[in-house]
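See structure below.
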Amino acid sequence: YQIIFNFLSYYFILPLYFVFIVRLLIVLNRVHFDFIEGESELVSGFNLEYYRTLFTLIFLSEYINLLFIRIIL
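Note that my numbering gives residue 42 to position 35 of the sequence shown, counting from 1, and the numbers run on in steps of one.
Structure (structure tokens):
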């Protein structure tokens with residue numbers, strides 16, 4: 008019975024973990040939360056405004072964020 012009572016004292020951790028994962032997806036601008044541009048704007052989006060170097064730095068920073076979050080988890 009002691010194991011059951013110990014588990015019941017931590018029952019709130021699992022829902023908080025799911026909230027944490029959803030929050031990470033929102034912060035990382037990943038799908039289902041990333042709606043920056045529509046299909047009609049794909050040709051004239053922010054991707055065309057930057058040249059190769061700056062464009063590479065933007066996406067490199069996004070992938071560094073992904074790796075950092077993965078290390079945390």
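Built from N, CA and C at the ideal position, the CB exists for glycine as well.
Can you tell me the Cβ-Cβ gap for residue i and residue j, rounded? I've got them flagged as a contact below 8 Å.
i, j, result
"L73", "L32", "Their Cβ separation, rounded to whole angstroms, is 11 Å, which puts L73 and L32 out of contact at 8 Å."
In its own chain, which residues sit with a C-beta less than 6 Å from the C-beta of residue i, not counting the 5 before and 5 after it?
i, result
"Y18", "none"
Give the straight-line distance between the Cα atoms of residue i and residue j, rounded to the nearest whole angstrom.
i, j, result
"I10", "P22", "20 Å"
"V26", "I20", "10 Å"
"F12", "Y24", "21 Å"
Closer than 8 Å, CB to CB, is residue i near chain B or not?
i, result
"Y18", "As a matter of chain content, chain B is missing from the structure shown, which is built from one protein chain."
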